[in-house]
Ligand SMILES: Nc1nc2c(ncn2[C@@H]2O[C@H](COP(=O)(O)OP(=O)(O)OP(=O)(O)O)[C@@H](O)[C@H]2O)c(=O)[nH]1
Ligand SMILES: [Mg+2]
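Residue numbers (the numbering used here): 97 to 329.
Here you go:
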């Protein structure tokens, strides 16, 4: 299985990818700007500094160009079905939200093995109702684009009020909170229904890459993702 770790900048993707790989798996660094130690490092072939120089681009343009190059090459792919391969990706979420590079990478990997997407968000960003719903919406878009099962995880739970977070991931509690709100209520309800209708089949899992909390459950959820909803492709 390939586990493709994605999510906003600094959510803890690399920290989680590293922890998962320590537990079971090989780490593939697909972030051309990251010097992280990995079993396969994309920077052997593509580094963002070199792309910036060669194509005369700014940092964000160079990152997108790098992902375009990465999506069109096979050198970094580990083709061993017996291994769990954890793929760490850059924090520029537009690679998956707006461009097709993320989709192409996932399609490429799907030719070799099953793929599960792991969407990582920062607990301190997810703690308000509006932010939580916005995160679910982003996740739903990515799911629709990638067409592979996905697991959402809220990382850095060591930094936030756990009760608030538990209320957010509880459908009944969030409905109750929304019912005290205003005109946004029906929009928010529609969004929750939409998210449940699309491929987010499980509640987000609460983890901390720092303390290790929830990581075992996360691994189990990733393994169950394919059995639970089937391959959506
Ligand atoms: N308190 C706390 N800090 C964390 C946790 N996970 C990651 N961090 C910290 O958050 C920062 C960002 O972590 P990374 O793993 O580099 O995040 P990332 O999503 O890979 O970041 P980019 O690749 O730059 O988008 C680092 O300082 C980590 O030590 C966590 O569970 N709790
Ligand atoms: Mg990273």
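Even for Gly, the Cβ is constructed at its ideal location relative to N, Cα and C.
Q) Can you name the start and end residues of the beta strand (DSSP E) that residue 181 belongs to? A) Stepping through the chain shown from its first residue, residue 181 is reached at position 85. That run of the beta strand (DSSP E) goes 181–184.
Q. Under the criterion of a Cβ to heavy atom distance below 6 Å, does residue 110 qualify as lining ligand 2?
A. As a position in the chain shown, residue 110 is number 14, starting the count at 1. At least one heavy atom of ligand 2 is nearer than 6 Å to the Cβ of residue 110, so yes.
(Q) Within 10 Å of its beta-carbon, does residue 137 have 16 or more other beta-carbons around it, so buried, or fewer, so exposed? (A) Locating residue 137 in the chain shown gives position 41, counting from the first residue. Buried: at least 16 other Cβ atoms inside 10 Å.
(Q) Using a Cβ-based criterion (distance less than 6 Å to any ligand heavy atom), does residue 99 qualify as near ligand 4? (A) As for ligand 4, it is missing from this structure, which binds only ligand 1 and ligand 2.
(Q) Does the distance between the C-beta of residue 251 and the nearest non-hydrogen atom of ligand 1 fall short of 6 Å? (A) Locating residue 251 in the chain shown gives position 155, counting from the first residue. Yes, the Cβ of residue 251 comes within 6 Å of a heavy atom of ligand 1.
Q) Hey, how far is the Cα of residue 286 from the Cα of residue 105? A) Numbered from 1 along the chain shown, position 190 holds the residue referred to as residue 286. Numbered from 1 along the chain shown, position 9 holds the residue referred to as residue 105. Linking residue 286 to residue 105 through their CA atoms gives a straight-line distance of about 27 Å.
Q) By Cβ distance, which residues of its chain are closer than 7 Å to residue 200, with the 5 residues on each side in sequence left out? A) Locating residue 200 in the chain shown gives position 104, where the first residue counts as 1. 167, listed in sequence order.
Q) For residue 230, is the beta carbon positioned less than 6 Å from some heavy atom of ligand 1? A) Indexing the chain shown from 1 puts residue 230 at position 134. No, Cβ of residue 230 sits at least 6 Å from all heavy atoms of ligand 1.
Q.
Need the endpoints of the beta strand (DSSP E) that residue 212 sits in, please.
A. The residue given as residue 212 occupies position 116 in the chain shown. Taken as a continuous stretch (DSSP letters only), the beta strand (DSSP E) holding residue 212 covers 211–218.
Q: List the DSSP bridge partners of residue 302.
A: The sequence position of residue 302 within the chain shown is 206, counting from 1. Residue 302 pairs with 250.
Q | Closest residue to residue 135 among 147, 128, 122, 232 (Cα-Cα distance) | A | Your numbering for residue 135 matches position 39 in the chain shown. Out of 147, 128, 122, 232, 122 has the C-alpha closest to the C-alpha of residue 135.
Q: Measure the beta-carbon distance from residue 115 to residue 311 and round it to whole angstroms, keeping in mind my assumption that it falls under 8 Å.
A: As a working note, residue 115 is residue 19 in the chain shown. As a working note, residue 311 is residue 215 in the chain shown. Contact flag correct, Cβ pair sits at about 6 Å.
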